[in-house]
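Have a look at the structure below, then the notes.
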Amino acid sequence: MGVDATSEIVELRGVEVVVRGVREGARPILQSVDFRVAQGESVGVVGGSGSGKSTLLRLIAGVVSQGLHLQGGSVSVFGKSILESSAQEREEMYGKSLALVAQSLGESMTPHLTVLSHFRDTVGSGVANEEVLRSLAEAGLAGEKYLQRYPHQLSGGERQRVLLALALIRSPRLLLLDEPTSALDVSIADEVLKTIKDLQTRHRFALVCVSHDLGVVSQIADRLVVMAHGQIVESGKTAQVLQRPGNGYTQRLVESIPKLDRRVRQAQNNRVETVLESRELTIFRGESTRAIDSLSFEIRKGEVVGIIGESGSGKSSLLSAICGLVPIESGDLRFRRDQDLATTLKRRSPDLLSSIQMVFQNPDDSLNPKCSVARSLGRYTNASREEMVSVLSSVGLDERFLSRQPSQMSGGEKQRVALARALLASPDLLLLDEITSALDVTVQAAVMKTLSNLQRDLGVAMILVSHDIALIASFVDKILVLRNGQLVEQGTSAEIVESPRHEYTRKLVSIARQKSVA
Amino acid sequence: MKNLARRIFFALVTFVALAVVSFIGVDALPGDGCTALLGRFGSAEKVAECRRANELDKPVLARMGDWSLALIKGDLGYSIKRDLPVADVIVPRLRNTAVMAVVAALIAFPASILVGLRLGRFPQSRLGRVTNQFSVIAMTLPEFVIATVLWLVLSIWIPIFPGVNVVPSNATILELLPNVWLPALTLAAVIFAHSMRTMRASVMNVKGMPFVESARLRGTKEKITVRRHIVPAAMPPVLNVIAIDGSWLLTGTFVTEAVFNYQGLGRLAIDAISDRDTALILPIILFGLAVYLIASLLADALVKIFDPRQRNAE
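Those protein sequences? They're chains S and W, same order as listed. Under numbering that gives the first Met the number 0, the first residue of the first sequence is numbered 0, with each subsequent residue one higher. Under numbering that gives the first Met the number 0, the first residue of the second sequence is numbered 0, with each subsequent residue one higher.
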């Protein structure tokens, strides 16, 4: 699409947004931002958390979040200054001229209304069922059965599709998407992105898509805008930015897209000592659902095993059973050959408890917000200051962090502290549950690097759970692919990446490959 | 439905358990129907004779058994002091309290939801802030102060309503009606403040939720956003407050009824306690219990109407 000056539908000039009531000199949320979108163009905005990308997107829709204040600059949408328009003018505009689909965390649909009610409220109560069905079908949801469903009866991907259909049913000329796939599983996210692309080619609306994931936006954007610390640091055609990133931050962003590589290190033959052995393991979720269905595998000393699975695959149930949080239904789970893991936490010996350590997905939930790092580390381990400092340095933090509170640390730093706490117990087996998924991509890459060093130095066996095969393939010896509680495929990292046998694994690998070359 | 049956079962168990505790508690109070009848000067022989005649000399468990069997048959017992069946004493009073409660509820609840919605949507408006301040005052002032102020204004300075009730407890509703207003307004002030503030807080919370903004940004008309997206989501906490306040209207009106000499259940309870008419006290306590249990069951059922997730949980 040619960027013609007359065809511009969004124009932001010198936009400055600050936190209301903060002294002069504090870093603004948006700083001299110039941003344009032409008719029919598709723009991707990438940046880490706190980069100001969502604030920018909402500004285009005329929304300044509570506590923020537009200090300077102008926001013009379809030639009108949207921030000065009246509530009525906006009501006219939303849905017809522009529509925004907020983050897909499942909170963007009204919980007490059916899908059909959402459409009736948006378009008017006279909307024909056929029109709704057509719109849903375009967004990839075929069938009348969806009309009477409530949001909680839809999966994450289905909700995102309903929201897309709702946004597009009145054919707006501009669609704004905020993290359209961040809450979705990889394979679902991929399908939703394809749908968005299809819809855009068919209806030729202009698209602004915000995401932390360069791989996501580069699949649907003609043009990329990279943001950091409230500023636009780079902008250009997608292919150009990806191949020749001109800015240091963009470079790091491009480099931290996980590349689908197999593990280079040769599997060592001297690993004979079994750390964990599972035979026909079955774990229930609730009364009768099988979260894990007769799973057999083995982990040897110092081995790193990756478990790939999407939500509902049973990967978290498996980790919970290994560390004793949920009971085992049937089968055999043994630690170091002689210890039965069929017991839950209360019955396990202190020695067994400290030998298996788990690091959870979200460090905000696993670190006590009221405890300093020193207290979090020393509380149950009785570690000396020297031990704490040494373990902190092994995860890439220094002595100064001992006195910090969780609120004074970034997500990546908090996750490193959680990792350090697990290491202080000198475990033989480390369970890592999606430990990078709550982190920005650049931080994610750094944490993986730390893990890799740790593994080399300590030789501890690890189970690394993830939904992203590209992220872990170069780091693990062995990969287990789980789906609906069953083992779909298992093999060395090289076998899985280069010659996946099962159809599902092939799909995951091909999505990962697409993203890493994007 | 299984869940509902279980809830009802537990409500019944709670009721029975509390009934037993109440019976024993009331029994442990000094005095009984006979000392109440014969008063302080009744000789020991006369009291003993009266107890024998009324079977009050049986052990407490036996009396509890008799009393519960009678209750199941619909017999509330007999007030020796008043020489009347308990039902004959309680029913007219209960009707009076119910009339007052209904008037108060009709004044307070619809208004509190509408005003709470308005204030929740525009908390910074001047009218909003003033109304909110007044409701804090109404909530914290003791009822007898509110009653006195209302009485001064609406009966003395501007004589619209009669200040003191002189109609007997068994008057017809029409005769009663002029006397209902002042006590009902007093109660309404208290519960209005309560449920209005709950509604206001709930609306302020809900209107900031992502789904509301999402509806607006799709171009949903403001009227529809408020009526269909905000209000139903804001109702559950308000329904719980309404259930509790509604129960209080039927059972917690001692002070207000006393101030206006209104012949309702609260007034009766005070009389029964002061002249130790234990036969009356127990049914009044049990009635209060039943009201609270039924109201909380009703509130839960109503919340399900607004929240499909809970409906499916059954």
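We put the CB at the ideal spot given by N, CA and C, even for glycine.
Starting from residue i, trace the beta strand (DSSP E) both ways and give me its first and last residue.
i: residue 13 (chain S); result: 7-18
i: residue 197 (chain W); result: Not the beta strand (DSSP E): residue 197 (chain W) falls in the alpha helix (DSSP H), residues 172-206.
i: residue 70 (chain S); result: 67-76
i: residue 288 (chain S); result: 288-299
i: residue 214 (chain S); result: Careful: residue 214 (chain S) lies outside any beta strand (DSSP E), inside the alpha helix (DSSP H) at 213-219.
i: residue 89 (chain S); result: First-last for residue 89 (chain S): 86-92, but that is the alpha helix (DSSP H), not the beta strand (DSSP E).
i: residue 205 (chain S); result: 205-210
i: residue 460 (chain S); result: 460-465
i: residue 236 (chain S); result: 230-236
i: residue 256 (chain S); result: Per DSSP, residue 256 (chain S) belongs to no beta strand (DSSP E) and is neither H nor E.
Would residue i be called buried (16 or more neighbouring beta carbons within 10 Å of its own) or exposed?
i: residue 204 (chain W); result: exposed
i: residue 135 (chain W); result: exposed
i: residue 306 (chain W); result: buried
i: residue 469 (chain S); result: buried
i: residue 383 (chain S); result: exposed
i: residue 157 (chain W); result: exposed
i: residue 310 (chain W); result: exposed
i: residue 313 (chain W); result: Its pLDDT being 39, under 50, residue 313 (chain W) is placed unreliably in this model, and the value from its coordinates should be taken loosely. By the neighbour-count rule (16 or more Cβ atoms within 10 Å), residue 313 (chain W) is not buried but exposed.
i: residue 4 (chain S); result: The predicted model places residue 4 (chain S) with a pLDDT of 48, which falls under 50 and marks its position as unreliable; any figure quoted below should be read in that light. Exposed.
i: residue 518 (chain S); result: In this structure chain S extends from 0 to 517, so residue 518 (chain S) is not present and cannot be described.
i: residue 199 (chain W); result: buried
i: residue 155 (chain W); result: exposed
i: residue 358 (chain S); result: buried
i: residue 43 (chain W); result: exposed
i: residue 109 (chain W); result: exposed
State the start and end residues of the unbroken alpha helix (DSSP H) segment that holds residue i.
i: residue 569 (chain S); result: Given that chain S is displayed from residue 0 to residue 517, the structure contains no residue 569 (chain S) and the question cannot be resolved.
i: residue 392 (chain S); result: 384-393
i: residue 286 (chain W); result: 277-305
i: residue 178 (chain S); result: Premise fails: residue 178 (chain S) is in no alpha helix (DSSP H) and is neither H nor E.
Whose CA, out of the options, lies closest to the CA of residue i?
i: residue 184 (chain W); options: W:310, W:3 and W:144; result: W:144
i: residue 221 (chain S); options: S:46, S:199, S:19 and S:313; result: S:199
i: residue 417 (chain S); options: S:384, S:374 and S:455; result: S:374
i: residue 251 (chain W); options: W:192, W:271 and W:283; result: W:283
i: residue 92 (chain S); options: S:102, S:44 and S:81; result: S:81
i: residue 227 (chain W); options: S:17, S:290, S:123 and S:27; result: S:123
i: residue 67 (chain W); options: W:38, W:285 and W:304; result: W:285
i: residue 362 (chain S); options: S:419, S:497 and S:512; result: S:419
i: residue 308 (chain S); options: S:454, S:496 and S:481; result: S:481
i: residue 288 (chain S); options: S:484, S:50 and S:36; result: S:484
i: residue 127 (chain W); options: W:23, W:304 and W:195; result: W:195
i: residue 209 (chain S); options: S:447, S:54 and S:94; result: S:54
i: residue 435 (chain S); options: S:447, S:30 and S:428; result: S:447
i: residue 137 (chain W); options: W:107, W:116 and W:215; result: W:107
i: residue 217 (chain W); options: S:474, S:202, S:244 and S:164; result: S:164
i: residue 47 (chain S); options: S:404, S:108, S:344 and S:411; result: S:411
Does the distance from the CB of residue i to the CB of residue j come in under 8 Å?
i: residue 506 (chain S); j: residue 491 (chain S); result: no
i: residue 113 (chain S); j: residue 148 (chain S); result: yes
i: residue 355 (chain S); j: residue 426 (chain S); result: yes
i: residue 11 (chain S); j: residue 72 (chain S); result: yes
i: residue 520 (chain S); j: residue 63 (chain S); result: Because chain S spans 0 through 517 in this model, residue 520 (chain S) falls outside it and cannot be assessed.
i: residue 159 (chain S); j: residue 183 (chain S); result: yes
i: residue 229 (chain W); j: residue 211 (chain W); result: yes
i: residue 325 (chain S); j: residue 299 (chain S); result: no
i: residue 156 (chain S); j: residue 191 (chain S); result: yes
i: residue 305 (chain S); j: residue 465 (chain S); result: yes
i: residue 207 (chain S); j: residue 56 (chain S); result: yes
i: residue 76 (chain W); j: residue 275 (chain W); result: no
i: residue 18 (chain S); j: residue 28 (chain S); result: yes
i: residue 327 (chain S); j: residue 313 (chain S); result: no
i: residue 330 (chain S); j: residue 286 (chain S); result: no
i: residue 287 (chain W); j: residue 206 (chain W); result: no
i: residue 14 (chain S); j: residue 58 (chain S); result: yes
i: residue 132 (chain S); j: residue 9 (chain S); result: no
At a CB-CB cut-off below 7 Å, which residues of chain C make contact with residue i?
i: residue 93 (chain S); result: Reference to chain C is not applicable here, since the protein chains of this structure are S and W.
Three CB pairs or more closer than 8 Å across the segment 441-453 of chain S and the segment 360-373 of chain S: no
Contact between the segment 5-17 of chain W and the segment 46-62 of chain W (3+ Cβ pairs under 8 Å): no
Contact between the segment 2-12 of chain W and the segment 284-298 of chain W (3+ Cβ pairs under 8 Å): yes
At least 3 beta-carbon pairs within less than 8 Å: the segment 244-258 of chain S vs the segment 307-320 of chain S: no
Three CB pairs or more closer than 8 Å across the segment 177-197 of chain W and the segment 248-265 of chain W: yes
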